[in-house]
Amino acid sequence: MAHGPAAAAGGGATARAEQDAIIAALTPVVDGIVATLGPFCEVVIHDFRRPERSVIALAGAVTGRGVGGSMSEIGVKLLAAGDEAADELNYLTRTRDGKLVKSSTMVLRDSAGTAFGALCVNLDVTAVSQAHTLLGGLAGVTAVPETAPTTTFGDDITAVLDSIVDARQLRQNKPWPHLTRAERLDLFRDLDRQGVFAVRGAVQQVAARLGISRASAYTYLSATRTG
Numbered sequence: 007m008a009h010g011p012a013a014a015a016g017g018g019a020t021a022r023a024e025q026d027a028i029i030a031a032l033t034p035v036v037d038g039i040v041a042t043l044g045p046f047c048e049v050v051i052h053d054f055r056r057p058e059r060s061v062i063a064l065a066g067a068v069t070g071r072g073v074g075g076s077m078s079e080i081g082v083k084l085l086a087a088g089d090e091a092a093d094e095l096n097y098l099t100r101t102r103d104g105k106l107v108k109s110s111t112m113v114l115r116d117s118a119g120t121a122f123g124a125l126c127v128n129l130d131v132t133a134v135s136q137a138h139t140l141l142g143g144l145a146g147v148t149a150v151p152e153t154a155p156t157t158t159f160g161d162d163i164t165a166v167l168d169s170i171v172d173a174r175q176l177r178q179n180k181p182w183p184h185l186t187r188a189e190r191l192d193l194f195r196d197l198d199r200q201g202v203f204a205v206r207g208a209v210q211q212v213a214a215r216l217g218i219s220r221a222s223a224y225t226y227l228s229a230t231r232t233g
């Protein structure tokens, strides 16, 4: 029986080949689902092994992304969860241009249980929501206000990361210079928990967004992981 780095490398190659085969088998499925559900549907396959350009297959045009595009905040969260990631089913979000989207994100796993990607189904239900409001008004029933969070969909992961950082700062309700050291560490700890730093180049981008040096960002991140 082989041991050592060569065996590990072989095992990694085998796992990657299996993951590639699963993605290849699912790729034709995206077109079939969209053909069945119609033009208000989009189906995406994400490869978590390349988070900066995770979209490797796509049919439909709900979120405006293309092949080579990035994952959204939901994808970054699943990436952070690793093998503990769970399916996210029937959740509502809004795109930046106001579409109401109902989505399900199903984690892809290999035979060892490793989470390596996701199959996402996005339905543009904006018209359905508007019809519901209209019919409710005609019937004299007050519609419940829609509180779906706005989600960043796009081909550039930098916009997604900036959105996560900005949302975290808004919750803090203080600019970076006014944060205590404990609050700054908490901010970095939270961003790390959300999977932001699993993306290549994220530390430099977060530093730029916060207006601090890259060295300072690494120092805060290191302190949250060792403290």
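Start counting the sequence shown at 7; every next residue gets the next number (my numbering). The C-beta atom is built at its ideal place from N, Cα and C for all residues, glycine as well.
- Contact set for Y226: own chain, Cβ-Cβ below 7 Å, skip 5 residues either direction: Here residue 226 refers to the residue found at position 220 of the sequence shown. The residues are R190, L191, F194.
- Query: Does the beta-carbon distance from V171 to V212 come in below 8 Å?
  - Reply: Against the sequence shown, residue 171 aligns to sequence position 165. Against the sequence shown, residue 212 aligns to sequence position 206. Result yes, Cβ atoms of V171 and V212 sit closer than 8 Å.
- Message: Please report the straight-line C-alpha distance between P181 and A204, rounded to a whole angstrom.
- Response: Within the sequence shown, numbered from 1, the residue matching residue 181 stands at position 175. Within the sequence shown, numbered from 1, the residue matching residue 204 stands at position 198. Between P181 and A204, the C-alpha separation is close to 24 Å.
- Task: Please confirm if the region 51–64 is in contact with the region 74–88, defined as three or more CB-CB distances below 8 Å between the two stretches.
- Result: yes
- Message: Using DSSP's beta-bridge definition, name the partner residues of D130.
- Response: Looking up residue 130 in the sequence shown gives position 124. D130 is bridged by DSSP to V107.
- Task: With distances taken Cα to Cα, identify the nearest neighbour of F159 among T101, V40, T232.
- Result: Taking the sequence shown and counting its residues from 1, the one referred to as residue 159 is at position 153. Nearest of T101, V40, T232 to F159, Cα basis: T101.
- Taking only runs of the alpha helix (DSSP H) that begin and end inside the region 181–216, which ones reach a length of at least 4 residues, in chain order? Taking only runs of at least 4 residues, the alpha helix (DSSP H) segments lying wholly in the region 181–216 are 187–199, 208–216.
- Message: Quick check: what's the CA-CA separation for A87 versus P45?
- Response: For the purposes of this step, residue 87 is taken as the residue at position 81 of the sequence shown. For the purposes of this step, residue 45 is taken as the residue at position 39 of the sequence shown. So the two alpha carbons sit approximately 32 Å from each other.
- Query: Who does L114 pair with in a DSSP beta bridge?
  - Reply: Here the question's residue 114 lines up with position 108 in the sequence shown. Paired residues: G123.
- Query: If you count every other CB in all the chains shown that lies within 10 Å of the CB of E48, and 16 or more means buried, which is it?
  - Reply: For the purposes of this step, residue 48 is taken as residue 42 along the sequence shown, with counting starting at 1. Buried is the call here.
- Residue nearest to A91 in terms of C-alpha spacing, selected from V35, V107, F54, I218: For the purposes of this step, residue 91 is identified with residue 85 of the sequence shown, where counting begins at 1. With distances taken between Cα atoms, A91 lies closest to F54.
- Message: Applying the 10 Å Cβ sphere with the 16-neighbour rule, what's the burial state of G119?
- Response: Residue mapping note: residue 119 aligns to position 113 of the sequence shown, counting from 1. By the Cβ neighbour-count rule, G119 is exposed, with fewer than 16 other Cβ atoms within 10 Å of its own.
- Let me know if R220 comes out buried or exposed under the rule of 16 or more other beta-carbons within 10 Å of its beta-carbon. Taking the first residue of the sequence shown as position 1, residue 220 is located at position 214. Label assigned to R220: exposed.
- Near V131, which residues of its chain fall below 6 Å by C-beta distance, leaving aside the five closest residues on each side in sequence? As a working mapping, residue 131 is identified with position 125 in the sequence shown. Within the same chain, V131 has close Cβ partners L106, K108.
- Message: Tell me which residues share the same chain as T33 and place their Cβ nearer than 7 Å to its Cβ, disregarding the 5 neighbours each side in the sequence.
- Response: Translated into positions along the sequence shown, residue 33 becomes position 27. Counting only Cβ-Cβ distances below 7 Å, and skipping sequence neighbours, we find I51, A63.
- Query: For the beta strand (DSSP E) that D53 lies in, which residues bound it at each end?
  - Reply: To locate residue 53, count along the sequence shown from 1; it is residue 47. Run containing D53: 47–53, per the beta strand (DSSP E) assignment.
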